[in-house]
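J.: Position one of the sequence shown corresponds to residue 1 (full-length UniProt numbering), numbered consecutively onward. Pasting a structure here, questions to come.
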Amino acid sequence: MAACNASNGKVSKLVHAPVSRATVGLFVCGCRCCCSIPCILFLCFFSQFTFFVASKSIPTPPPASLVLITVPPPSPPVAIGNSHSLLKLGISIGASALLLAVIFVMAACFKFLRRKRDRVVFIGDGDDENDTVLYNDERKKNSGRFTWDEMQKFTMNFSKVIGSGGFSTVYLAQFPDSTLAAVKIHSGSERLNLVYKQELEILLQLRHDNIIKLLGYCDEREEGVLVFEYISNGSLQEKLHGFRDRTSTSLLSWKSRMVIAYQLAQAIEYLHDKCSLQIVHGDIKASNILLDDKLNCKLCDFGSARMGFSSMVLPPSSSFYSSSSSPMMKQLMMGSPGYVDPHYLRTGIASKKNDIYSFGVILLEVITGIEAFCSEKGQMLTSIAGPMLKNHETVAEMMDPQLGRDYDLEEARVMASISALCLRHPASLRPSAANILQTMKDKIASISFLFSPEKKDEGI
């Protein structure tokens with residue numbers, strides 16, 4: 001017989017069921033379904049069964065014994081509204097977990113790609129002059145790390161100076177295999193060491209025929225050292241302005257000038273649009289355009305370059321040409337007198353358009369043979385020749401007298417038009433390097449041989 005103290009007799013309907021393992025379970029389940037409070041199930045057995053011997057929960061009772069089993073109440077039912085809330089919560093948690101997983105995977109992929117990309121990795125916070133510069137194995141194949149002793153040996157104790165600037169000196173070096181190189185040593189200071197690291201970081205990314213090739217570096221001492229391929233034929237500055245008594249062999253022909261201008265535009269396009277991180281050179285000028293023995297252009301000096309167009313904002317009152325400006329302040333500025341973009345001087349914001357402006361000045365130099373800035377007279381070429389660019393009829397009057405009549409007037413007018421576009425204000429109106437290249441390719445016949453595979457490597 002079975003009954004409980006809280007089911008109002010509902011469970012007692014099972015009283016005549018035969019007692020077995022299953023019926024005991026049924027009695028308990030009946031209490032769970034019928035009772036809302038804890039109850040005591042009464043089981044009265046009139047005979048002994050082997051079931052009770054096997055049971056661990058109910059000891060074997062004697063015949064006609066009474067067994068009391070406490071049955072807990074049923075679990076409260078889950079409301080439909082609550083189940084929907086739990087479902088929504090579960091979905092939200094699942095979606096969040098999935099999103100975090102996706103972000104983690106993307107971050108891992110991005111980190112992997114950055115390591116694969118040809119970039120320098122600085123060990124340290126960048127503010128310590130003792131930070132070590134490392135680069136990946138792919139760059140090690142093309143750029144070597146030299147010791148200071150090797151630099152002394154290859155330069156014969158820095159005996160032959162081939163160039164100098166405000167904060168660096170360039171020495172001629174010769175490797176054991178007789179290869180010549182140019183060794184650029186930066187002045188030693190904490191600030192200039194950071195400039196050196198920035199230049200090295202940029203140079204390690206560059207691979208272009210019209211950009212000087214980095215062979216290696218040395219960072220053992222405070223003076224940062226960069227080792228470049230040696231370019232034997234001087235600079236565009238020397239070719240255009242360095243020889244007042246030039247002979248016909250030292251004079252740059254019109255064709256040579258056009259090719260140099262086109263190659264320079266190619267180098268600028270590469271920096272602006274084809275590098276993994278876009279680069280602003282920041283100091284394009286005739287003395288930074290080296291020429292090899294075939295008069296091919298090699299853009300150099302990336303000490304002022306910026307990656308990703310990071311800006312160096314100067315105080316509005318600062319003047320680039322101010323004699324009171326400290327050497328360090330001038331080092332922080334981009335550009336050189338006569339070439340620097342007025343928009344940059346006003347705002348301090350570095351952009352691709354700064355390089356395009358400087359390229360426009362280079363074109364004026366190529367056409368006129370006049371220096372971009374005359375320190376003796378304090379005159380800039382853009383002030384002298386700029387107004388004449390607007391009139392095609394005056395282009396002939398602007399031409400370098402050293403050329404005589406050995407130039408194409410129509411090509412000169414095209415180049416003058418390009419120069420005028422590059423010097424426009426506001427800066428947003430200036431063309432891109434890609435636009436310049438396309439215009440020259442379409443309208444300058446002097447460079448057509450560059451696009452013929454069999455003649456491309458013959459030189460100018």
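Virtual Cβ for every residue (Gly too), placed ideally from N, Cα, C.
Which residues share a DSSP beta bridge with Lys184?
T.: DSSP, once it has assigned bridges, lists Val170, Leu226 as partnering Lys184.
J.: How would you call Lys56, buried or exposed, if buried means at least 16 neighbouring beta carbons within 10 angstroms?
T.: Residue placement at Lys56 is poorly supported in this model, since its pLDDT is 40, which falls under 50; the coordinates still yield a value, given next. Label assigned to Lys56: exposed.
J.: Who pairs with Met307 in a beta bridge, going by DSSP?
T.: DSSP lists Ile279 as partners of Met307.
J.: Please look up how many angstroms separate the CB atoms of Ala182 and Phe228, rounded, as I've assumed it's under 8 Å.
T.: About 5 Å; that satisfies the 8 Å criterion.
J.: Is Arg119 helix, strand or coil when you go by DSSP?
T.: Because the pLDDT of Arg119 is 37, which lies under 50, any placement of that residue in the model is unreliable, and the question is left without a value.
J.: Ignore the nearest five residues each way along the sequence and tell me which others in Thr155's own chain have a CB closer than 6 Å to its CB.
T.: For Thr155, where only same-chain residues beyond five positions count, the Cβ hits under 6 Å are Tyr171, Ala173, Val183.
J.: Taking 8 Å as the threshold, find out whether the region 388 to 397 comes into contact with the region 224 to 238 through three or more Cβ pairs.
T.: The region 388 to 397 is not in contact with the region 224 to 238.
J.: If you draw a straight line from the alpha carbon of Thr179 to that of Asp408, how long is it in whole angstroms?
T.: Their Cα atoms are separated by approximately 39 Å.
J.: For Tyr339, which three-state DSSP category applies?
T.: Tyr339 falls in the coil class under three-state DSSP.
J.: Within the same chain, show all residues whose beta-carbon is closer than 6 Å to that of Leu364, passing over the 5 residues directly before and after it, in chain order.
T.: Once the five neighbours on either side are set aside, the close Cβ partners of Leu364 are Leu381, Ala385, Ser419.
J.: For Cys297, count neighbouring Cβ atoms within 10 angstroms of its own Cβ and tell me buried if that reaches 16, exposed if not.
T.: Counting Cβ neighbours within 10 Å, Cys297 comes out buried, since at least 16 surround it.
J.: Do you know how far the Cα of Pro342 is from the Cα of Ile284?
T.: Rounded to whole angstroms, Ile284 to Pro342 spans 14 Å at the Cα level.
J.: Assuming Val361 contacts Ala372 under a Cβ cut-off of 8 Å, what Cβ separation, rounded to an integer in Å, is found between them?
T.: Yes, Val361 and Ala372 are in contact; Cβ-Cβ is about 5 Å, under 8 Å.
J.: Decide if Glu269 is buried, meaning its Cβ has at least 16 other Cβ atoms within 10 Å, or exposed.
T.: Buried: at least 16 other Cβ atoms inside 10 Å.
J.: So, do the region 249 to 262 and the region 211 to 221 have three or more beta carbon pairs nearer to each other than 8 Å?
T.: Result no; under three Cβ-Cβ pairs closer than 8 Å.
J.: Grab the span of the alpha helix (DSSP H) containing Leu389 for me, first residue to last.
T.: Element bounds for Leu389: n/a, residue is neither H nor E.
J.: Would you call Val280 buried or exposed, if buried means 16 or more other Cβ atoms sit within 10 Å of its Cβ?
T.: Val280 comes out buried.
J.: Between Asp400 and Trp148, what straight-line distance do the alpha-carbon atoms span, to the nearest angstrom?
T.: When rounded, the distance between both Cα atoms is 46 Å.
J.: Please report the residue range of the alpha helix (DSSP H) in which Ile362 lies.
T.: 352 to 368 is the extent of the alpha helix (DSSP H) around Ile362.
J.: DSSP three-state call for Tyr270: helix, strand or coil?
T.: In the structure shown, Tyr270 sits in a helix (DSSP, three-state: H, G or I).
J.: Just mark Lys89 as buried or exposed, buried being the case when its beta carbon has 16 or more other beta carbons within 10 Å.
T.: Position check: residue 89 holds Leu in this sequence, whereas Lys was assumed. Leu89 comes out exposed.
J.: Indicate the three-state DSSP secondary structure (helix, strand or coil) for Cys374 in the structure shown.
T.: In this structure, Cys374 counts as strand in the three-state DSSP scheme.
J.: Is any heavy atom of the ligand FMN found at a distance shorter than 7 Å from the C-beta of Ala416?
T.: This structure does not include the ligand FMN; it has no bound ligands of any sort.
J.: Does the beta-carbon of Ser448 have 16 or more other beta-carbons within 10 angstroms, so that it is buried, or is it exposed?
T.: Ser448 should be labelled exposed.
J.: List the residues that DSSP assigns as beta-bridge partners of Tyr217.
T.: DSSP output for Tyr217 lists Arg145, Leu226 as bridge partner(s).
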